[in-house]
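See structure below.
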Amino acid sequence: MKTVKELKTLEEHCTYVERFARISFFYASKYLSKRFPEKKLSELITAHTPIRYHGFNLSQEEWKTEPRCLRLLEDADALSSLPPEEFEEEMWKRNSAFARERAELNYPNAVGVKAPPSWNCGSLKYDTPAEHPALSPRRIVFHIANSVGPYSIFEDSEYLARCFLLLLKETRLKYGSDDLFTGTWLNEHPSFLKYFPEEWRTNMAPRKEEKPVPEWHFGWWGQLVTGRGTINPKAEDFVRQNGCLRFACRSSHCSYDAMEKHLKENFLP
């Protein structure tokens, strides 16, 4: 019998936003500033931490124009000489009211099954070939979300397999596609890799370095989030202790035929 999981509460979501803000402040101050001493902390926070998108849920335009965002970035530069722990605390003290406001505003869209209409295959979304003109028109780029929260996409092994088969079927019919591609931290996670044929592993892009610097998006930082949409404390602690994320965002691709054969042989009756 499937265990019933409760949706996260407002207070849990406020904690989620706080933890993403805090890890952003700490990581930028302690680790990124040493690797990129020529850059301002405001630049590093914007480009390499999850605070804008996963913490405050702001668009790039809002981040550049909202007065409180601009003040946050100004504070980051003004306080950059503080030790990382003090920087984190002072930045949080100055921005906690703003964070709480954003958390309360976004809470209704942060619990349960809240996939936007563009998520067209369950917990998967594919882009049209026109969105990636530099790629082959037969290659489909897809993205992963959790449309079954508070549960994990991996709890029912058939679920993700059927999402992929739907994606393959639709894009074959619409665009004549025959090649599947994505870049994600999940490409280093066994629970995700089991859905792919050996061809996917063979085509995997290598890690560029032992401790690669992440970008701001969920292709990197999604590994800190549980199925319930809360912060995974072990994943957060790993970043704090090691100065990097456990899993690196890597890209790969495989043929539709190999993917379909693998899914039908291993996941579906």
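Going by the numbering used here, the sequence shown opens with residue 101, and the numbers climb by one from there.
The beta-carbon is built from N, C-alpha and C at its ideal position, and this holds for glycine as well.
If you're wondering where the values come from, they're calculated on a predicted model, not measured in any experiment.
Residue from His232, Leu273, Tyr207, Thr284 whose Cα sits closest to the Cα of Lys315: The question names Lys, yet the displayed sequence has Glu at residue 315. When each option's Cα is compared against that of Glu315, the closest is Thr284.
For Asn332 and Met304, believed in contact at Cβ under 8 angstroms, the rounded distance: The beta-carbon distance between Met304 and Asn332, rounded to whole angstroms, is 24 angstroms. This is too long to meet the 8 angstroms contact definition.
CA nearest to the CA of Pro297, picked from Leu363, Ala121, Cys221: For Pro297, the nearest C-alpha among the options comes from Leu363.
Close-in-space but distant-in-sequence residues of the same chain around His232 (CB under 6 angstroms, 5 per side omitted): Once the five neighbours on either side are set aside, the close Cβ partners of His232 are Val241.
Collapsed DSSP secondary structure at Leu182 in the structure displayed: Coil at Leu182, not helix or strand.
Whole-Å CB distance - Ala90 paired with Cys114, under 8 angstroms assumed: This structure cannot speak to residue 90, because the chain is shown only from 101 to 369.
Neighbour-count burial assignment, Ser257, 16 or more Cβ in a 10 Å radius: The residue is exposed, with fewer than 16 neighbouring Cβ atoms inside 10 Å.
Option nearest Tyr226 by Cα separation, candidates Asn157, Lys274, Thr103, Gly329: By alpha-carbon distance to Tyr226, the top candidate from Asn157, Lys274, Thr103, Gly329 is Lys274.
8 angstroms Cβ shell around Arg301 - same chain, five flanking residues per side excluded: Its chain contains Leu293, Ser352 as the residues whose beta carbon lies nearer than 8 angstroms to that of Arg301, once the 5 sequence neighbours on both sides are disregarded; these appear in chain order.
With 16 other Cβ atoms within 10 Å as the buried cut-off, status of Pro150: Buried.
Backbone CA spacing between His289 and Pro137 [nearest angstrom]: Going by the C-alpha atoms only, they are around 32 angstroms apart.
Start and end residues, alpha helix (DSSP H) containing Val339: Per DSSP, the unbroken alpha helix (DSSP H) holding Val339 starts and ends at 333-342.
Residues that Ser355 bridges to, as DSSP identifies them: Per DSSP, the beta bridge partners of Ser355 are Asp279.
For Ile244: DSSP bridge partner residues: Leu224, per the DSSP bridge assignment.
Met101 (DSSP reduced to helix, strand or coil): Note on Met101: pLDDT 47, under 50, position unreliable in the model; no value is reported.
Beta-carbon spacing of Ser180, Leu132 below 8 angstroms: In terms of Cβ geometry, Ser180 and Leu132 do not form a close pair [threshold 8 angstroms].
Exposure of Val339, with buried meaning 16 or more beta-carbon neighbours within 10 Å: In summary, Val339 is buried, with 16 or more beta-carbon neighbours lying within 10 Å of its beta-carbon over all protein chains present.
Through-space distance from Arg350 to Tyr356, alpha-carbon basis: Taken atom to atom, the span from the alpha-carbon of Tyr356 to that of Arg350 is near 19 angstroms.
Length at least 4, wholly inside the segment 294-320: the alpha helix (DSSP H) runs in chain order: Taken in chain order, the complete alpha helix (DSSP H) segments of 4 residues or longer contained in the segment 294-320 are 298-302.
Alpha-carbon spacing of Gly324 relative to Phe347, whole angstroms: Rather than Gly, the amino acid found at residue 324 in this sequence is Leu. Rounded to the nearest angstrom, the two C-alpha atoms are 10 angstroms apart.
Nearest neighbour of His243, chosen from His317, Arg122, Thr165 [CA to CA]: Considering only alpha carbons, the answer is His317.
Candidates Ala335, Pro217, Trp321, Glu118, of which the one nearest Glu189 by Cα: Closest by alpha carbon: Glu118.
For Thr284, three-class secondary structure by DSSP: Of the three classes helix, strand and coil, the one that applies to Thr284 here is strand, per DSSP.
Same chain, Cβ closer than 7 angstroms to Ala121, five either side skipped, listed in chain order: If we look at Ala121 and ignore the five residues flanking it on each side, its Cβ neighbours are Ile151, Gly155, Trp192, Asn195, Ala199.
DSSP-derived helix/strand/coil call for Arg200: Looking at Arg200 - three-state DSSP - the assignment turns out to be helix.
Cα-Cα separation between Ser247 and Ala261, rounded to whole angstroms: Between Ser247 and Ala261, the C-alpha separation is close to 14 angstroms.
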